[in-house]
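Chains as they are written, first to last, in the UniProt record's numbering: chain B, 1 to 286; chain Y, 1 to 335.
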């Protein structure tokens with residue numbers, strides 16, 4: 001019983017991490033049609049910024065700095081690199097691919113190619129007792145972070161003017177433009193929000209994994225892609241549901257099955273979803 | 001006058017044959033090119049680098065069949081390269097002779113390409129890219145996790161049972177010829193397909209898939225055909241690569257390999273005859289060479305991938321036609 005509780009909670013923690021990455025990807029894709037390969041790099045930027053800032057500002061301040069740095073880098077990337085290629089979708093994807101290669105190499109040249117030990121706060125090493133299981137507090141931290149971001153994003157999309165524009169833009173970008181609203185401002189905003197979520201994922205994954213590495217974000221990115229496709233592109237709630245399914249499935253399979261079976265099951269699930277519902281769980285047009 | 005025109009036509013049509021002859025004779029040439037290579041052209045180290053460049057020229061060409069010719073942005077090409085490479089290494093270790101192992105591995109990888117392509121092509125555009133990436137990730141995970149100890153995990157898998165014909169440094173030039181033969185094979189197949197009616201349908205799918213559908217042709221079948229053929233060529237390349245470097249390493253199963261192929265094609269010039277080959281050769285050469293020459297440079301310039309990534313981004317903005325398109329009229333933007 002306690003094993004099942006433990007696996008469920010650590011699975012949900014993993015799901016939280018996936019959701020933090022997938023939410024930004026999904027929003028950016030839904031609104032701007034950009035498959036952002038550099039999104040994993042935003043995560044690494046957040047992780048390294050936090051790594052640098054924690055000794056100066058403490059953990060909370062450092063994480064905040066990481067989030068701000070990733071958001072700023074993401075907004076800058078949209079303004080300088082993505083915007084001039086407006087409507088050239090393939091070229092935009094290519095640019096983000098180039099950025100992910102060059103960006104990871106840039107981080108390597110500053111901090112070296114090897115993983116660095118992350119300055120974890122003391123509380124992160126402790127365990128909580130939940131229903132008879134000893135649960136690492138880092139998993140609970142990831143769940144809390146994802147829930148806060150999910151609630152914040154839903155509230156933002158539901159109740160603010162820009163949220164309305166973004167929701168409308170995901171539905172039909174041309175119509176929003178025709179109504180005289182500059183959707184490109186919303187693009188920058190969505191990139192910044194996605195970057196902030198990725199930066200938070202970077203800071204929290206540093207605590208969760210205990211280390212930061214230049215390519216760390218890119219390896220998590222592939223699972224975030226899977227979450228986005230399963231959840232239906234452009235849908236935040238779809239991403240959240242898919243993240244939970246993927247994270248928990250992966251955790252259980254990796255415990256009960258042979259090594260690597262979790263990853264393979266997740267990808268088998270992806271193939272199944274595509275065969276049954278090619279547009280993802282939420283049924284939007286991909 | 002007429003004679004000159006005939007010669008010009010012959011040159012225009014048959015210059016690749018001349019290039020291939022020159023390349024084939026390189027192992028008999030003791031020329032040293034200072035700054036470009038460390039030793040004479042026929043030394044083992046230089047031949048090895050040149051052969052790797054040729055293999056990647058062929059792999060980039062096989063990738064271009066999907067990306068440049070058909071407009072399919074696949075992120076899973078590494079899976080089929082790794083299938084050919086690891087399949088050959090695993091089957092030779094199991095006791096099969098090299099040739100049989102290579103053929104079986106290529107057939108297996110091609111079957112996998114057919115099965116996965118059939119699923120992945122159910123979605124379009126970016127979703128297709130993501131799905132191919134996810135499938136290729138299975139390969140990368142399998143290779144890294146080393147189920148049953150067959151892939152060697154992070155260590156990679158050395159190729160055993162290499163026949164005496166290829167063994168030793170004095171036979172490197174034979175491996176170089178195999179690499180050259182592979183490149184010729186891929187460019188011939190891709191050139192043949194592109195020039196055929198099927199190739200025109202593929203170009204039609206790239207430019208406007210719905211129109212091809214309206215004309216009464218099934219785009220799905222043509223795309224699947226291109227996907228399988230491209231996977232087959234990649235698997236052959238994987239088998240050649242494993243022969244060349246004497247083993248399979250996890251790197252060739254990683255998504256970075258596919259991204260590298262994409263960079264090669266875009267830098268060289270997608271949907272051109274020589275562009276992907278030039279891109280593949282140049283990228284591989286620079287990736288080897290920048291590490292040696294850049295040690296004195298400051299900061300990020302020391303990272304080959306930083307330089308290549310930045311050059312790639314600039315090429316997307318300023319040379320959408322790649323190196324092969326420089327000097328010609330710019331094509332209309334794709335995408």
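Beta carbons: idealized from backbone N, C-alpha and C, even for Gly.
{"Query": "Answer yes or no: does any C-beta atom of chain B fall closer than 8 Å to that of residue 127(Y)?", "Result": "yes"}
{"Query": "From the DSSP output, in three-state form, read off residue 142(B) for me.", "Result": "helix"}
{"Query": "Does the beta-carbon of residue 170(Y) have 16 or more other beta-carbons within 10 angstroms, so that it is buried, or is it exposed?", "Result": "exposed"}
{"Query": "How about residue 306(Y): is its C-beta nearer than 8 Å to some C-beta of chain B?", "Result": "yes"}
{"Query": "Below 8 Å on the Cβ atoms is my contact criterion, and I expect residue 140(Y) with residue 230(Y) to pass it. Report the Cβ-Cβ distance as a whole number of Å.", "Result": "Not confirmed; about 19 Å, so no contact."}
{"Query": "Can you tell me the Cα-Cα spacing of residue 105(B) and residue 214(B), whole angstroms?", "Result": "8 Å"}
{"Query": "From 56(B), 273(B), 125(B) and 144(B), pick the residue whose C-alpha is nearest to that of residue 231(B); which is it?", "Result": "273(B)"}
{"Query": "Quick check: the Cα distance between residue 137(Y) and residue 119(Y), rounded to an integer number of angstroms?", "Result": "15 Å"}
{"Query": "Strictly below 8 Å CB to CB, what residues from chain Y border residue 16(B)?", "Result": "Those do not exist, as residue 16(B) stays about 20 Å from chain Y at its closest Cβ, beyond 8 Å."}
{"Query": "Buried or exposed for residue 36(B), please, with buried defined as at least 16 other CB atoms from any protein chain shown within 10 angstroms of its CB.", "Result": "buried"}
{"Query": "The alpha helix (DSSP H) that contains residue 56(B), what's its start and end?", "Result": "39-77"}
{"Query": "Give every residue of the same chain whose Cβ lies closer than 7 Å to the Cβ of residue 135(B), excluding the five residues on either side of it in the sequence, and list them in chain order.", "Result": "6, 9, 127 and 128"}
{"Query": "Residue 177(B): buried (16+ other C-beta within 10 angstroms of its C-beta) or exposed?", "Result": "exposed"}
{"Query": "Taking a cut of 7 Å between CB atoms, which residues from the segment 258-270 of chain B lie near chain Y?", "Result": "258, 259, 260, 263, 264, 267 and 270"}
{"Query": "Since residue 308(B) and residue 265(B) should fall inside the 8 Å C-beta cutoff, what is the C-beta to C-beta distance between them, to a whole number of angstroms?", "Result": "Residue 308(B) falls outside the range modelled here, since chain B spans only 1 to 286, and no answer is possible."}
{"Query": "Kindly confirm or deny that the segment 235-250 of chain B and the segment 95-109 of chain B touch, where touching means at least three C-beta pairs closer than 8 Å.", "Result": "no"}
{"Query": "Measuring only the C-alpha atoms, how far is residue 190(Y) from residue 68(B)?", "Result": "48 Å"}
{"Query": "Tell me, to the nearest whole angstrom, how far the beta carbon of residue 266(Y) is from that of residue 194(Y); I am working on the premise that it is less than 8 Å.", "Result": "18 Å between Cβ atoms; not a contact."}
{"Query": "Would residue 44(B) and residue 195(B) be called neighbours here (beta carbons separated by less than 8 Å)?", "Result": "no"}
{"Query": "Would you say residue 131(B) lies against chain Y (beta-carbon separation less than 8 Å)?", "Result": "no"}
{"Query": "Using a Cβ-Cβ distance under 8 Å, would residue 253(Y) count as near chain B?", "Result": "no"}
{"Query": "Could you tell me the alpha carbon to alpha carbon distance between residue 138(B) and residue 70(B), rounded to whole angstroms?", "Result": "21 Å"}
{"Query": "Should residue 222(B) be flagged as near chain Y, meaning a C-beta pair shorter than 8 Å?", "Result": "yes"}
{"Query": "Of all the alpha helix (DSSP H) runs that stay within the bounds of the segment 183-244 of chain B, which reach a length of 4 or more residues?", "Result": "183-209 and 216-231"}
{"Query": "Residue 264(Y) CB to nearest chain B CB: under 8 Å?", "Result": "no"}
{"Query": "Put residue 151(Y) into one of helix, strand or coil per three-state DSSP.", "Result": "coil"}
{"Query": "According to a CB-to-CB cut-off of less than 7 Å, which residues of the segment 142-155 of chain Y neighbour chain B?", "Result": "142, 145 and 147"}
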